[in-house]
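Participant: My questions all concern the structure below.
There are 2 protein chains.
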Amino acid sequence: MRLVPTTLAAAVLAFTLGAVQAAPQTDVQTKGVPTKGVLTKIAQTSVDNATQLRERALADDTAYEVVESLTTEVGPRMAGSEGDARAVAWAVAKFKSLGYDKVWTEPVTFPKWERKSESAEVLGDHSQKLTLTALGGSPGGTVEGEVVRFASLKDLADAPAGSLKGKIAFIDFTMERAKDGSGYGMGSQIRGGGPSAAIRAGASAYLMRSAGTDSHRNPHTGITHFDDGLNPIPSAALAAPDAAQLSRLVALGKPVRVKLALDCGWTGTYTSQNVIGEMRGRSKPDEVVVIGGHLDSWDLGTGAIDDGAGVAIAMGAGKLIGDMKQRPARTIRVVAFSNEEQGLYGGRAYAQQHMGDIRKHQIGAESDFGAGRIYAFSTGAPERALGAVKQIADVLAPLGIEYTPGQGGPGPDISPFAANGLAWGALRQDGTDYFDYHHTPDDTLDKIDPKALAQNVAAYAVFAYLAADADGDFGSERKQVTPPRE
Amino acid sequence: MRLVPTTLAAAVLAFTLGAVQAAPQTDVQTKGVPTKGVLTKIAQTSVDNATQLRERALADDTAYEVVESLTTEVGPRMAGSEGDARAVAWAVAKFKSLGYDKVWTEPVTFPKWERKSESAEVLGDHSQKLTLTALGGSPGGTVEGEVVRFASLKDLADAPAGSLKGKIAFIDFTMERAKDGSGYGMGSQIRGGGPSAAIRAGASAYLMRSAGTDSHRNPHTGITHFDDGLNPIPSAALAAPDAAQLSRLVALGKPVRVKLALDCGWTGTYTSQNVIGEMRGRSKPDEVVVIGGHLDSWDLGTGAIDDGAGVAIAMGAGKLIGDMKQRPARTIRVVAFSNEEQGLYGGRAYAQQHMGDIRKHQIGAESDFGAGRIYAFSTGAPERALGAVKQIADVLAPLGIEYTPGQGGPGPDISPFAANGLAWGALRQDGTDYFDYHHTPDDTLDKIDPKALAQNVAAYAVFAYLAADADGDFGSERKQVTPPRE
């Protein structure tokens, strides 16, 4: 999980400009769309079927087996890496082995970034190694310089031009733990905006305390960017204990010199694939409910919570629906999105490819916030569909899921399409621990609780089934999108 | 903290043979030594002074400042490294700045082991990196081979000679979490004994799941050894998630090949120093109570809980006693022991150097089990001193410390001397989380709770003060030691 736009306007930005730094799962303004057309509703037999489906899902371990398979047999799968290619092949094979009716891929092309090595050390009287990782998009290079510490991005942005000439800018900001991940807003801003601010002040390199909530020697990577016209500098995130250590050394009052050596950078373009599997609908097979997760991960861990879990939840929910005696009216389409981490490339490619079919998309939802239990449900549906939404919410409620209209937003890979009119649902996960592991070497299978994962599958299965079997739609309709002025 | 002998017989072994693998803080048989001589007792004014001292210690942050200084300004300080030399200079300066009356060093010579680099990867269809660290004492080397998994040391020891020819032996055993650290018994046996068992079966390299209780990508190092006559092989510990991953790959049923590259090994000898500071006693300055911790750490972390905390607790307790209006009768001697981790070199050197003065040593205690709260107190004192021991226990009780006669044992660096007759006290710490961080990169300052550290200081201050001010002794007397047959 990289980012979730705060508002639909931000989602538009994400789609049109391709980069936004924002907090996950913050509220959107779900302005009531005037009711037109027939009311959307769900038959009682569908509700009964969904209730049984929910209970079956809670006892099913398909999703855990899927994420175990992906993280074990493929492991790390950074966009453009050899693991990316293996992940695509894995996903095609997994969809088939799970009995999906139709499996195909759609190309996604993006610039390729590679990480080869990274190290850093404090020089001088207090010499010691520091644990860090290059930010995605950083150039390589070896830099030696005095560290200048800032407590916030604003403080660095306020540093006069040229004031950091020959020095290393360091932001030591600790992001807050929150169930909804809201602390990541500032964390990701510091990751995305810090390097450019450092360059403007004349710095030779950029360091930050990892955007995370843990206290382990596992730094958090993640994409950064450099504003147009600036000359990129080596940029990296320190593990939390290392950031604290560096701040203590700076606080001793004498200049602290650090040597930083990153071997990484952009190396051309790569074409990967969105991998798609469908369980065909009973009576309206050309209309689809889209659920998914992203197939790529960062390279440091095995991408269990980000986002093997999301892929597994969607694949597992789709399989359970496919196995039903009576399928829903519409098709369940599961998408394993390509390269979310470096700029929503898979989600944007999907939206572009399928924009013409937007009205055939009943609704979409992506799971990309780990494997914690879902605690809240909402949609961006218009008033005429809110009765059906409430029916879905009622079947979700026994899972401990609250109906929270007006809160949440579409998952990252859904957001480009949602910004252009796709109806979306949000099944919000408890992310209290998510940023302990996110983008670190520690994102591994053992961080997933199988029971919590099954609860996720149950929720996605209920949501997808009922949406796919509803009479009427949830408001997908192409909007005229005007990029807001900056 | 490397090891604590299970019994005094094992302590003898540690002293005479220099290597023992055993659990920390397990019980010793405190056989009642026949009462002879006068009863040891403590005056009420001493008890009153100790009570005030205890409360002052709880409000004092000297120890936290000491461990912050050591871990920040020196950082990692593996025996024989440049950090070792800096740590010795730091300790001398710190004793002086804390106002110790006398500060000196005593040489400790040992073989030097160096770690330069280490890496491993799974080869073939499921290629991915594995996180591991060389065991202390491992030779370097690059090995590629099929992994053969064992669930226990016994299973590997039972493998027929030659059955692992050209292969990599892998023990995947998960040690148990326990307040008293008892799970480390098997964990350290697998680390110490696994490599030799692997060699006997013909293996080219040895891998183990780290002896730890965490689930992070931070492997646990620690000393291993190779039995005489065997040709050492590269030996390393995988982080827990990596061990689980490797086991899952093996469970897929096809041969799993791993490439392991360690650059490390023994490189001659090195002479470091035990660093000693004294607060002179009021009336019997040539008699001493010895408290301490070990100054060396492993190289991966900054040695906060192992054993910066121990050094800080002892230094902080000594300082508080030195600052008293009326000092105790005897001298408080604080020892920052050299190279505990690779074979109790500092503790053995101290015992050898001071054996002739054993009766001048009132009692000894070492803190080397982290920075968790002390929950239990005991000694190996003879019956005639048990009244005084109970008086000490009564002043400790408000700290949440239970008197548990017959349990516990001397700290590792005290154990060689204790095996030869030194009276010892045990202030047992809650080690529930200790093996989450022990010997990993994650052993950093943030893992220490300042309040828990202050409770430790209060306990050591009370213990040392009352023992130093008692009328009578706690049984230090040279024993004739006969090494047990193997």
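Here the protein sequences line up with chains A and B, keeping their order.
Sequential numbering from 1406 applies to the first sequence in the working numbering.
Sequential numbering from 1406 applies to the second sequence in the working numbering.
Beta carbons are placed, not taken as given, at the ideal position from N, Cα and C, and that holds for glycine.
1. Could you check what DSSP says for A/GLN1812 in three-state terms: helix, strand or coil?
2. State whether the stretch 1460-1476 of chain B contacts the stretch 1713-1724 of chain B, with contact taken as three or more CB pairs (one from each stretch) at a distance under 8 Å.
3. Contact between the stretch 1878-1885 of chain B and the stretch 1786-1803 of chain B is defined here as three or more beta-carbon pairs at a separation below 8 Å; is this criterion met?
4. What in chain B is Cβ-close to A/SER1351, meaning under 9 Å?
5. I want to verify the contact list: residues of chain A whose CB lies under 9 Å from the CB of B/PRO1481, in sequence order.
6. Tell me B/ALA1802's beta-bridge partners as DSSP assigns them.
7. Just to confirm, does B/GLY1480 get its C-beta within under 7 Å of one of the non-hydrogen atoms of the ligand NAP?
8. Using only alpha-carbon positions, find the residue among B/GLY1682, B/SER1620, B/ALA1616, B/LEU1635 that is nearest to B/SER1893.
9. Considering only residues of the same chain and omitting the five flanking positions on each side of B/PRO1516, which have a CB-CB separation below 6 Å?
10. Is it buried or exposed for B/ASP1847, if we count other Cβ within 10 angstroms and need 16 for buried?
11. Taking its Cβ as the centre, do 16 or more other Cβ atoms sit within 10 Å of B/THR1440, making it buried, or is it exposed?
12. So, B/ARG1735 versus B/GLN1767, is the Cβ gap smaller than 8 Å?
13. Within the 8 Å Cβ cut-off, does A/THR1477 reach chain B?
14. Have a look at A/HIS1699, A/LEU1503, A/ALA1562, A/SER1601 and flag the residue whose alpha-carbon is nearest the alpha-carbon of A/SER1640.
15. Between which two residues does the alpha helix (DSSP H) carrying A/THR1676 extend?
16. First and last residue of the alpha helix (DSSP H) that includes B/GLN1449?
17. Tell whether a beta-carbon distance below 8 Å holds between A/ASP1818 and A/HIS1699.
18. Is A/THR1809 near A/ALA1781, with beta carbons less than 8 Å apart?
19. Using a Cβ-Cβ cut-off of 6 Å (strictly less than) and excluding sequence neighbours within five positions of B/HIS1844, which residues of its own chain qualify?
20. Evaluate B/THR1629 with the Cβ neighbour count: other Cβ atoms within 10 Å of its Cβ, from every protein chain shown; 16 or more gives buried, anything less gives exposed.
21. When you compare only the Cα positions, how much space is there between A/ALA1448 and A/ALA1875?
22. For B/ASN1623, which residues in chain A fall below 8 Å Cβ to Cβ?
23. By DSSP's criteria, A/TRP1518 is part of a beta bridge. Which residues make up the other side?
24. Look at A/THR1784 and A/ALA1831 and say whether their C-beta atoms are less than 8 Å apart.
25. Below 8 Å on the Cβ atoms is my guess for A/ASN1454 versus A/MET1729; work out the distance and round it to an integer in Å.
26. Return the bridge partner residues of A/HIS1766 from the DSSP annotation.
27. Does the stretch 1539-1556 of chain B come close enough to the stretch 1573-1580 of chain B that 3 or more CB-CB pairs lie under 8 Å?
28. I believe A/TYR1750 touches A/VAL1497 by the beta-carbon criterion, under 8 Å. Please report the beta-carbon distance rounded to the nearest angstrom.
29. Under 8 Å: do the stretch 1679-1697 of chain A and the stretch 1529-1544 of chain A share three or more Cβ pairs, one atom per stretch?
30. Using a Cβ distance threshold of 8 Å, determine whether the stretch 1522-1532 of chain B contacts the stretch 1476-1491 of chain A, with at least three qualifying pairs required.
31. My parser needs the beta strand (DSSP E) runs of 3 or more residues fully inside the stretch 1810-1846 of chain B; what are they?
32. Distance check for B/PRO1646 and B/ALA1722, CA to CA, integer angstroms please.
33. Here's the rule I'm using: 16 or more other beta-carbon atoms within 10 Å means buried, otherwise exposed. How should A/THR1676 be labelled?
34. Using a 10 Å radius around the Cβ and a threshold of 16 neighbouring Cβ atoms, would you call B/GLY1599 buried or exposed?
35. Roughly how many whole angstroms lie between the Cα atoms of B/ILE1806 and B/GLU1460?
Facilitator: Put simply:
1. coil
2. yes
3. yes
4. Lying before the first or after the last residue shown, residue 1351 of chain A is absent from chain A, which here runs from 1406 to 1891.
5. GLN1533, LYS1534
6. B/ALA1802 pairs with nothing; no bridge assigned.
7. Among the components modelled here there is no ligand, and therefore nothing to report on the ligand NAP.
8. In the structure displayed, chain B extends from 1406 to 1891; residue 1893 of chain B sits before or after that span and is not available.
9. TRP1671, THR1674
10. buried
11. In this prediction, B/THR1440 scores a pLDDT of 46, lower than 50, which makes its location untrustworthy; no coordinate-derived value is stated.
12. yes
13. yes
14. A/SER1601
15. No alpha helix (DSSP H) holds A/THR1676; the beta strand (DSSP E) holding it covers 1662-1684.
16. Residues 1449-1463.
17. yes
18. yes
19. HIS1625, THR1626, GLY1627, TRP1703
20. buried
21. 7 Å
22. HIS1621, ARG1622, ASN1623
23. BP columns for A/TRP1518 point to A/TRP1671.
24. yes
25. Indeed, because the Cβ distance is near 7 Å, the residues count as touching under 8 Å.
26. A/VAL1693
27. yes
28. Contact doesn't hold; Cβ gap of about 19 Å is too wide.
29. Note that the stretch 1679-1697 of chain A does not touch the stretch 1529-1544 of chain A; fewer than 3 beta-carbon pairs, one per stretch, sit closer than 8 Å.
30. yes
31. 1830-1834
32. 39 Å
33. exposed
34. Burial of B/GLY1599 is indicated by the presence of at least 16 other C-beta atoms within 10 angstroms of its C-beta.
35. 15 Å
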